[in-house]
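K.L.:
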Amino acid sequence: QDYASTARELAGLRWAVKKLAPFLRGRKFIVHTDNQPLVYLSNTKCISSRLARTLEDLSDFDFEVKWIPGQSNIVADALSRMHESILDSSRAKETLNVLGESLKEIKMEGGGDSLIHCLSYFLTGNTSDSLKLRQQIVSELIAHPKLYGLDLNKSGDNGL
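Residue numbers (our numbering): 8 to 167.
(1) When you compare the CB positions of residue 33 and residue 154, do they come within less than 8 Å of one another, or not?
(2) Is the segment 135-154 touching the segment 14-28, taking contact as three or more C-beta pairs under 8 Å?
(3) So residue 134 is in the alpha helix (DSSP H); what residue range does that whole segment cover?
(4) What is the C-beta distance between residue 123 and residue 137, in whole angstroms, given that I count them as a contact (C-beta under 8 Å)?
(5) Assuming residue 13 and residue 48 make a contact with CB atoms under 8 Å, what is their CB distance in whole Å?
(6) Quick one: grab the DSSP three-state call for residue 39.
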């Protein structure tokens, strides 16, 4: 793998971690990649200042990078490969079968509480406790704003 692809992979990792920061901050997690140089990048002495800054951005998070071969990683770079017009149908069916076994489609009414209703259904099997769940989530966010990447604004509240 060339150096430019490693830089792109690292930039993608930074983007994903920053977007998911409220869920990842304060927790150890594993990043699986098919870019083997990314595994050893933090131990490399000769890296560009841009890569060093990117690694510095990621240093707030507790994670381990593990390499898996690209052939074994069905979902690797899925978005970047979507432009390919020829798709291996057996591999696509294999992916769909895995998703089909673990996911089921549930129709929920949209609107302001749809996320809470879906989460309540996922956790309890029904939506009757949605209001209680909403109150628990808000209480948790207010009690631990920094854990979820929330900052107090000038008025002293959390903007919730």
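Glycine included, each C-beta is placed from N, C-alpha and C at the ideal position.
P.N.:
Working from what's here:
(1) For this step, residue 33 is matched to residue 26 along the sequence shown. For this step, residue 154 is matched to residue 147 along the sequence shown. The answer is yes: Cβ separation under 8 Å.
(2) No, the segment 135-154 does not touch the segment 14-28.
(3) Looking up residue 134 in the sequence shown gives position 127. No alpha helix (DSSP H) holds residue 134; DSSP gives it neither H nor E.
(4) Position 116 of the sequence shown, counted from the start, is the residue given in the question as residue 123. Position 130 of the sequence shown, counted from the start, is the residue given in the question as residue 137. Cβ atoms of residue 123 and residue 137 come within 8 Å of each other, at about 5 Å.
(5) Mapped onto the sequence shown, residue 13 falls at position 6. Mapped onto the sequence shown, residue 48 falls at position 41. Your pair residue 13 and residue 48 checks out as a contact, with CB atoms roughly 7 Å apart and the cut at 8 Å.
(6) The residue labelled residue 39 in the question sits at position 32 within the sequence shown. Reduced to three states, the DSSP call for residue 39 is strand.
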